[in-house]
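Sequence lines, in order, name chains A and B. Plus 15 on top of the position in the first sequence (first one is 1) and you've got this note's numbering. Plus 394 on top of the position in the second sequence (first one is 1) and you've got this note's numbering. First the structure, in the form of structure tokens, and then the observations on it.
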Amino acid sequence: MNRPIHPIVRLDYLVRLPMTTVIALIWLSGSGDSPVGRFAWPCVIAYGLIWPQIAYFIARRSRDTKAAELRNLLFDTLVAGVGVGLIGFNIAVGAAWLAGMAGANMSVGGPKFALKGLAALLLGFAIAAFSTGFYFAPAPNLVSTITSLTGITVFLAIFATQSYMQTRQVVRARKQLEQQNEEIQRQHVQLAEAMAAAENAREAAEAANQAKSMFLANMSHELRTPLNAIIGYSEMLIEEAEDLDQTELVPDLQKIQVAGKHLLGLINDILDLSKIEAGKMDLVREVVSISGLIEEVKNTADSLVRKNANTFQVEVEENPGHVLADPLKLRQILLNLLSNAAKFTHEGTITLRVRRDRDGRQPSIIFEVTDTGIGMTPEQQTKLFQPFQQADAQTSVKYGGTGLGLALSRRFCRMMGGDISMTSAPSVGTTFTVQIPSASIETIDDVDDAEDGQPFALVVDDDPATREMLMRWLTRDGWVVLGAENGRIALDIIARRQPALIVLDLVMPEVNGYELLSRLEADRLVPELPVVVLTSSDLTADERALLEKCARAVLLKGTHLRDQVLSTIESFRATATTLPRS
Amino acid sequence: MPRLLLVEDNDMNRDMLSRRLERRGYEVIIAVDGEAGVRMATEQEPDLVIMDLRLPVLDGWEATRQIKAHPVTCGTPVVALTADAFVEDREKALAAGCDGFETKPVEFKRLLATIELLLGESAPR
Numbered sequence: 016m017n018r019p020i021h022p023i024v025r026l027d028y029l030v031r032l033p034m035t036t037v038i039a040l041i042w043l044s045g046s047g048d049s050p051v052g053r054f055a056w057p058c059v060i061a062y063g064l065i066w067p068q069i070a071y072f073i074a075r076r077s078r079d080t081k082a083a084e085l086r087n088l089l090f091d092t093l094v095a096g097v098g099v100g101l102i103g104f105n106i107a108v109g110a111a112w113l114a115g116m117a118g119a120n121m122s123v124g125g126p127k128f129a130l131k132g133l134a135a136l137l138l139g140f141a142i143a144a145f146s147t148g149f150y151f152a153p154a155p156n157l158v159s160t161i162t163s164l165t166g167i168t169v170f171l172a173i174f175a176t177q178s179y180m181q182t183r184q185v186v187r188a189r190k191q192l193e194q195q196n197e198e199i200q201r202q203h204v205q206l207a208e209a210m211a212a213a214e215n216a217r218e219a220a221e222a223a224n225q226a227k228s229m230f231l232a233n234m235s236h237e238l239r240t241p242l243n244a245i246i247g248y249s250e251m252l253i254e255e256a257e258d259l260d261q262t263e264l265v266p267d268l269q270k271i272q273v274a275g276k277h278l279l280g281l282i283n284d285i286l287d288l289s290k291i292e293a294g295k296m297d298l299v300r301e302v303v304s305i306s307g308l309i310e311e312v313k314n315t316a317d318s319l320v321r322k323n324a325n326t327f328q329v330e331v332e333e334n335p336g337h338v339l340a341d342p343l344k345l346r347q348i349l350l351n352l353l354s355n356a357a358k359f360t361h362e363g364t365i366t367l368r369v370r371r372d373r374d375g376r377q378p379s380i381i382f383e384v385t386d387t388g389i390g391m392t393p394e395q396q397t398k399l400f401q402p403f404q405q406a407d408a409q410t411s412v413k414y415g416g417t418g419l420g421l422a423l424s425r426r427f428c429r430m431m432g433g434d435i436s437m438t439s440a441p442s443v444g445t446t447f448t449v450q451i452p453s454a455s456i457e458t459i460d461d462v463d464d465a466e467d468g469q470p471f472a473l474v475v476d477d478d479p480a481t482r483e484m485l486m487r488w489l490t491r492d493g494w495v496v497l498g499a500e501n502g503r504i505a506l507d508i509i510a511r512r513q514p515a516l517i518v519l520d521l522v523m524p525e526v527n528g529y530e531l532l533s534r535l536e537a538d539r540l541v542p543e544l545p546v547v548v549l550t551s552s553d554l555t556a557d558e559r560a561l562l563e564k565c566a567r568a569v570l571l572k573g574t575h576l577r578d579q580v581l582s583t584i585e586s587f588r589a590t591a592t593t594l595p596r597s
Numbered sequence: 395m396p397r398l399l400l401v402e403d404n405d406m407n408r409d410m411l412s413r414r415l416e417r418r419g420y421e422v423i424i425a426v427d428g429e430a431g432v433r434m435a436t437e438q439e440p441d442l443v444i445m446d447l448r449l450p451v452l453d454g455w456e457a458t459r460q461i462k463a464h465p466v467t468c469g470t471p472v473v474a475l476t477a478d479a480f481v482e483d484r485e486k487a488l489a490a491g492c493d494g495f496e497t498k499p500v501e502f503k504r505l506l507a508t509i510e511l512l513l514g515e516s517a518p519r
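Take a look at the structure:
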């Protein structure tokens, strides 16, 4: 049993042990005439030798060691009373024991316990008086007086020492507590100061950030204005030179134009990077047709890639499907990789390969740009995706460029849930691999599950700028938004996941808005499914009739479109919840 | 011959753009600040307005609002042409009532396509 024992249990044990001698001496010197004298000897010995062990044992076994020890003390007091009575109420011994027991009880158990002790002592007196037939021998006897006083002095000294040590502990503890309090106060003040400093720093940082954003916006504006003149005049002069048959001027004018556009690209990259770093770059999430995207990239990059007498190959797996991505950013990444490949390759081959990756962690589309150019050493490769880092200092001198393209590409890829990696060997070539999650049934479901409770809206518009703008408005309004560039993609998405809202443009390639509405009507999805139609053109009577039947609202593109769209969807937002999966 | 009102305070850009548009067969009239832009729009009733946004006297957003609020010019398309290229700038311009938004440096072919679309006809050659 490892229950903690109250310190007075040990203290009392230590006090009780020497008491055997004291009591025996008192008894020897004072019980000469006592009627019970002879028979009490075994009791005296037993009390002195055995009781301390029993008392200690009882206290240690008890649940409440202090209460048990107090009971033991009461018994001690009672026995002391009996003892004093048995030797005939010797005045010196009686006074010494009365004072000693009262003092001990008081110091251990407080005044209330001291009163109980007094009662026990008197009870002991009474028991002794009755059992001896009121034997009375009050005359002080020198030996018993000295023994009693010595014994009681030792007895009280032990209790007093204990009490003194406890007081000292209390005082020390209080001093420690005061010190700790002071320390806490001091820390409190320091904390308050630190918090105030942190708040100031935060405000300063916010102000600096504001100033930086403002500076960037202004810098962008101020650089674009003269660039407008540089690029505009050079383009105009190219046209005029061609008209006037002065074609020898055209190449030089083109150099001005290209340099201007390069500068513009640089400004755009820096703005993008600072927006990403400020956490202000919002990408849109759209289901993008890969064949459409690759066709566009191929047409844009063709002349650029062939510039250094390179061959351009595009290999796309059959039915590559769709990716879930920001189409403008994905296009920017691919064009950037192709232009890099072209820059570092002469009379070689540049290949753009597109394939599905079904084995990876998530179904993805892999875009690979491979060149047979100068390649890179392992050291050069490590710096590659850092902003403003090129393979080495010589690169920027020889090949130009800012070193921002790859840093941006990697950030964009990661924001779209994918990544970009590369392998390279000097004078063999380089392969960049872009992985983007494909827009499969699973990923569309994932998108929705990830943001539980938000209703799902679909924006169908072929103009990327309008689509992006609408998606932003809806995202900020609390919707999970997917974009689709034509009705066919929209129908694909609707078949997998029924939206709670469709914002629909009418004039689109492939499946246009009217056809989409007819299909929805045939599938009995309208009028339950809210469709908001946006149009910029005048409508024929037939078209108007179809729209009135199938669309909840028809809004004219143009002034206050945002307010119109948001207030219209607000009116049926209450009923728009996430519908169960079809 | 469609008549375009170009509201632009930077004289180089004004000169360049008006010359390029004239080469494409448009008649171009010019205002150098927002207030003049509103006045010329209401007095001369152009077919379309190309509006810079950061303008002296009256800025382009307010000028667009006034043009769109005026009974004579409320149907006249306004294309914002600005060196503010952020997404928020586009939204701010459209909120003011602009029908199109083009950034500087101008992509001339895209500007022409926007103009043609808003005029609802192919540009005269």
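We put the beta carbon where it would ideally sit given N, CA and C, even for glycine.
Query raised in the report: How many Å lie between histidine 203(A) and arginine 183(A) at the Cα?
Result: 30 Å
Query raised in the report: Under 8 Å Cβ-Cβ, which residues of chain B neighbour glycine 247(A)?
Result: Asn407, Met410, Leu411, Arg414, Pro499, Val500, Phe502
Query raised in the report: Name the chain B residues that come within less than 8 Å of methionine 431(A), Cβ to Cβ?
Result: Those do not exist, as methionine 431(A) stays about 17 Å from chain B at its closest Cβ, beyond 8 Å.
Report task. Would you verify that the beta carbon of asparagine 243(A) is, or is not, closer than 7 Å to some beta carbon of chain B? Result -> yes
Query raised in the report: Apart from the five residues just before and just after threonine 262(A), which ones in its own chain have a Cβ nearer than 7 Å to its Cβ?
Result: Ala256
Report task. Establish whether the CB of aspartate 427(B) and some CB of chain A are separated by less than 7 Å. Result -> no
Query raised in the report: Ends of the beta strand (DSSP E) at glutamine 91(A)?
Result: A small correction: the amino acid at residue 91(A) is aspartate; glutamine does not occupy that position in the sequence shown. That residue, aspartate 91(A), is in no beta strand (DSSP E); its alpha helix (DSSP H) goes 80-101.
Query raised in the report: What first and last residue would you give for the alpha helix (DSSP H) that runs through threonine 481(A)?
Result: 479-491
Report task. Within its chain, find whatever has a CB closer than 7 Å to the CB of arginine 370(A); leave out the 5 residues flanking it on each side and keep chain order. Result -> Glu332, Ile381
Query raised in the report: Going along the chain, which residues of its own chain have a beta-carbon closer than 6 Å to the beta-carbon of aspartate 287(A), five neighbours each way excluded?
Result: Leu423
**Report entry** Cβ contact check for the stretch 295-304 of chain A and the stretch 491-508 of chain A: 3 or more pairs under 8 Å
**Finding:** Contact holds: three or more Cβ-Cβ distances are below 8 Å.
Query raised in the report: DSSP three-state call for arginine 512(A): helix, strand or coil?
Result: coil
Requested in this report: Can you grab the Cα-Cα spacing for the pair leucine 421(A) / phenylalanine 447(A), in whole Å?
Outcome: 10 Å
Query raised in the report: Just the Cα atoms here: how many angstroms apart are glutamine 195(A) and proline 22(A)?
Result: 27 Å
Query raised in the report: For glutamine 450(A), is the classification buried or exposed, using 16 other Cβ atoms within 10 angstroms of its Cβ as the cut-off for buried?
Result: buried
Query raised in the report: Cβ atoms of proline 524(A) and phenylalanine 471(A): under 7 Å apart, would you say?
Result: no
Query - is_contact[aspartate 441(B), chain A] using C-beta, thresh 7 Å - result: no
Query raised in the report: Is there a Cβ from chain B that is less than 7 Å from the Cβ of leucine 279(A)?
Result: yes
Query raised in the report: In whole angstroms, what is the alpha-carbon distance linking serine 235(A) and glutamate 197(A)?
Result: Each residue's alpha carbon lies about 56 Å from the other.
Query raised in the report: Would you call the stretch 22-40 of chain A and the stretch 66-83 of chain A in contact, with 3 or more CB pairs under 8 Å?
Result: yes
Report task. Flag alanine 489(B) as yes if its beta-carbon sits less than 7 Å from any beta-carbon of chain A, otherwise no. Result -> At a cut-off of 7 Å, the C-beta of alanine 489(B) has a neighbouring C-beta in chain A.
**Report entry** Host beta strand (DSSP E) of glutamine 202(A) (start-end)
**Finding:** From DSSP, glutamine 202(A) is part of no beta strand (DSSP E) but of the alpha helix (DSSP H) over 157-258.
Query raised in the report: Does the stretch 404-411 of chain B come close enough to the stretch 575-584 of chain A that 3 or more CB-CB pairs lie under 8 Å?
Result: no
Requested in this report: Using beta-carbon positions only, say whether threonine 583(A) and alanine 568(A) come within less than 7 Å of one another.
Outcome: yes
**Report entry** Own chain partners of leucine 447(B) with C-beta closer than 7 Å, once the 5 adjacent residues on each side are dropped
**Finding:** Hits under 7 Å: Asp453, Gly454, Trp455, Ala474, Thr476, Asp478, Ala487.
Query raised in the report: Which residue comes first and which comes last in the beta strand (DSSP E) that contains arginine 368(A)?
Result: Per DSSP, arginine 368(A) belongs to the beta strand (DSSP E) from 364-372.
Query raised in the report: isoleucine 305(A) lies in the alpha helix (DSSP H); which residues open and close that run?
Result: 305-320
Requested in this report: Might you give, ordered along the chain, the residues of its own chain that have their beta carbon closer than 7 Å to the beta carbon of isoleucine 73(A), omitting 5 neighbours on each side?
Outcome: Ala83, Asn87
Query raised in the report: Counting Cβ pairs, one atom from each stretch, are 3 or more of them under 8 Å apart for the stretch 129-136 of chain A and the stretch 174-189 of chain A?
Result: no
Query raised in the report: Counting only beta-carbon atoms, is aspartate 453(B) nearer than 7 Å to chain A?
Result: no
**Report entry** Interface flag, aspartate 478(B) vs chain A, CB-CB below 7 Å
**Finding:** yes
Query raised in the report: Does the Cβ-Cβ distance between leucine 513(B) and aspartate 493(B) come in under 7 Å?
Result: no
Requested in this report: Consider the Cβ of threonine 240(A): report whether some Cβ of chain B lies at a distance smaller than 7 Å.
Outcome: yes
Query raised in the report: In chain A, which residues lie with their C-beta within 8 Å of the C-beta of glutamate 496(B)?
Result: Going along chain A, no residue has its Cβ under 8 Å from glutamate 496(B), so there is no contact; the nearest lies around 10 Å.
Query raised in the report: Just how far apart, CA to CA, sit glutamate 208(A) and alanine 219(A)?
Result: 16 Å
Report task. Could you tell me which chain A residues have their CB closer than 9 Å to the CB of valine 481(B), listed as they occur along the chain? Result -> Asp297, Glu483, Met484, Arg487
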